[in-house]
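Numbering (the working numbering), first residue to last: 492 to 771. Backbone N, C-alpha and C fix where the C-beta goes; we use that ideal spot for every residue, glycine too. Values in this document were obtained by computation on a predicted structure and should not be read as measured data. Written out below as structure tokens is the structure these notes cover.
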Amino acid sequence: MKKAIIFNIQRYSIHDGGGIRTLIFFKGCPLRCPWCSNPESQSFKPEIIRRESLCIKCSSSSCFACTNTPEQCPTGAIEKVGKEMDVNEVLKEIKKDIIFYDSTGGGVTLSGGEPLSQGEFAIELLEKLKNLGIDTAIETTGFSKWEILDKMSNHLDRILFDLKIMNKEKSIKIINADIDLIKDNFKKLVKKRINIIPRIPLIPKYTMDDENIEAIINFILSQGIKEVHILPYHQYGISKYKSLGKKYILKSLIPPSSEDVERIKEKMTDAGLYVVVGGK
Numbered sequence: 492m493k494k495a496i497i498f499n500i501q502r503y504s505i506h507d508g509g510g511i512r513t514l515i516f517f518k519g520c521p522l523r524c525p526w527c528s529n530p531e532s533q534s535f536k537p538e539i540i541r542r543e544s545l546c547i548k549c550s551s552s553s554c555f556a557c558t559n560t561p562e563q564c565p566t567g568a569i570e571k572v573g574k575e576m577d578v579n580e581v582l583k584e585i586k587k588d589i590i591f592y593d594s595t596g597g598g599v600t601l602s603g604g605e606p607l608s609q610g611e612f613a614i615e616l617l618e619k620l621k622n623l624g625i626d627t628a629i630e631t632t633g634f635s636k637w638e639i640l641d642k643m644s645n646h647l648d649r650i651l652f653d654l655k656i657m658n659k660e661k662s663i664k665i666i667n668a669d670i671d672l673i674k675d676n677f678k679k680l681v682k683k684r685i686n687i688i689p690r691i692p693l694i695p696k697y698t699m700d701d702e703n704i705e706a707i708i709n710f711i712l713s714q715g716i717k718e719v720h721i722l723p724y725h726q727y728g729i730s731k732y733k734s735l736g737k738k739y740i741l742k743s744l745i746p747p748s749s750e751d752v753e754r755i756k757e758k759m760t761d762a763g764l765y766v767v768v769g770g771k
């Protein structure tokens with residue numbers, strides 16, 4: 492049975508696909524977005540995080556100097572993130588929440604990291620979920636070989652598809668992703684008549700300039716898509732970088748104002764798109 496590295500199973504989510512959902516977070520992502528709010532999702536290997544706010548300095552002057560293992564830490568300040576699980580282990584956790592799916596129109600959403608990077612596992616899991624009659628969704632960058640996304644889409648009720656930087660040179664330089672590959676995968680999903688919802692992270696200085704927004708609007712409309720979700724930048728993940736011993740390079744970046752978000756929403760609405768702020 493196939494296995495994958497999972498770093499979180501989040502229950503009772505009311506976002507990312509509709510109804511009450513269980514989110515399965517896959518560890519590992521080929522992109523390197525500077526604004527990433529889940530830095531623990533980037534590496535494909537389990538990692539140790541250290542939360543100084545929980546440290547009682549039981550064996551050293553600092554959580555980062557402590558030699559205790561996660562199992563030895565009395566407060567949970569030292570924690571291992573990422574666990575190898577097989578499909579049945581994940582399915583066992585999901586089945587605990589089935590009653591909520593039936594009553595709310597919810598289901599399971601695969602997230603990350605990038606689920607496509609552990610595609611064979613995800614395909615097997617999705618097949619089993621559909622056999623149980625469970626609604627399925629995925630949050631994805633769309634950055635993968637088409638063969639994986641093609642197989643996966645056969646077992647998905649909807650795909651929440653990120654569109655970030657539409658200029659190829661900038662996309663490769665800033666987030667390590669070829670936008671041409673991403674756009675090609677998007678177009679192929681549309682041709683398959685898959686329920687696809689583009690989602691746009693609004694990141695000042697990166698994705699919010701008029702040229703990029705216009706390029707996104709034009710691309711979405713060219714594919715006959717009428718709904719888009721915009722996700723304003725936030726700084727909720729800064730503390731995670733510190734816990735991993737990493738530097739957050741956008742610490743001084745100010746989140747977009749409500750006026751900025753409304754301006755972009757109006758521009759998209761005027762173009763004929765139905766816009767949801769924050770996703771659903």
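Note to self: On the DSSP bridge list, what partners appear for residue 598?
What the structure shows: Counting from one through the sequence shown, the residue named residue 598 turns up at place 107. Answer is 512 and 626, bridged to residue 598.
Item checked: Cβ neighbours of residue 510 in the same chain (closer than 6 angstroms, five flanking residues each side left out) -> Within the sequence shown, residue 510 is the residue found at index 19, counting from 1. Excluding residues within five positions, the ones whose Cβ falls inside 6 angstroms are 595, 596 and 597.
Next item on the list: Check whether the Cβ atoms of residue 612 and residue 762 sit closer than 7 angstroms, and answer yes or no.
Entry: Sequence index remark: in the sequence shown, residue 612 carries index 121 (1-based). Sequence index remark: in the sequence shown, residue 762 carries index 271 (1-based). It is not a contact, given that the beta carbons lie outside the stated cut-off.
Next item on the list: Below 7 angstroms CB to CB, which residues in the same chain sit around residue 530 once its five sequence neighbours on both sides are set aside?
Entry: Locating residue 530 in the sequence shown gives position 39, counting from the first residue. These residues qualify, in order along the chain: 728, 731, 732, 735 and 737.
Checklist line | Helix, strand or coil at residue 697 according to DSSP, with G and I counted as helix | finding: In the sequence shown, the residue the question calls residue 697 occupies position 206. Residue state, collapsed to three classes: coil.
Next item on the list: Can you tell me which of the three DSSP states residue 561 falls into?
Entry: Here residue 561 corresponds to residue number 70 of the sequence shown, with the count starting at 1. Coil at residue 561, not helix or strand.
Next item on the list: Using the DSSP secondary-structure output, state which residues sit across from residue 720 in a beta bridge.
Entry: Counting from 1 along the sequence shown, the entry for residue 720 is found at position 229. Bridge partners of residue 720: 690 and 767.
Item checked: Bounding residues of the alpha helix (DSSP H) (the contiguous stretch that carries residue 754) -> Position 263 of the sequence shown, counted from the first residue, corresponds to residue 754. Element bounds for residue 754: 749-761.
Checklist line | Strand pairing of residue 499, partner residues [DSSP] | finding: For the purposes of this step, residue 499 is identified with residue 8 of the sequence shown, where counting begins at 1. Answer is 516, bridged to residue 499.
Notebook entry, point to check: What whole-angstrom Cβ distance do residue 708 and residue 759 have, given they're in contact under 8 angstroms?
Noted result: Taking the first residue of the sequence shown as position 1, residue 708 is located at position 217. Taking the first residue of the sequence shown as position 1, residue 759 is located at position 268. Confirmed, Cβ separation roughly 6 angstroms.
Margin query: Looking at the secondary structure, which residues open and close the alpha helix (DSSP H) in which residue 641 lies?
Written below: Here residue 641 corresponds to residue number 150 of the sequence shown, with the count starting at 1. Looking at the DSSP string, the run of the alpha helix (DSSP H) that includes residue 641 is 637-644.
Check: If you follow the alpha helix (DSSP H) that residue 675 is part of, which residue opens it and which one closes it?
Finding: By 1-based counting over the sequence shown, the position of residue 675 is 184. Here the alpha helix (DSSP H) through residue 675 covers 670-682.
Next item on the list: Measure the alpha-carbon distance for residue 515 versus residue 631 and round it to whole angstroms.
Entry: To locate residue 515, count along the sequence shown from 1; it is residue 24. To locate residue 631, count along the sequence shown from 1; it is residue 140. Distance between the alpha carbons of residue 515 and residue 631 is about 12 angstroms.
Note to self: Below 8 angstroms, how does it come out for the stretch 612-622 and the stretch 637-654: are there three or more Cβ pairs, yes or no?
What the structure shows: yes
Check: Alpha carbon to alpha carbon, what distance is there between residue 550 and residue 640?
Finding: Walking along the sequence shown from the start, residue 640 turns up at place 149. Walking along the sequence shown from the start, residue 550 turns up at place 59. Approximately 48 angstroms between the Cα atoms of the pair.
Note to self: Taking contact to mean 3 or more Cβ pairs, one atom from each stretch, closer than 8 angstroms, check whether the stretch 524-541 and the stretch 551-565 are in contact.
What the structure shows: yes
Item checked: Closest by C-alpha distance to residue 715, when choosing among 744, 683 and 519 -> Indexing the sequence shown from 1 puts residue 715 at position 224. The option with the nearest alpha carbon to residue 715 is 683.
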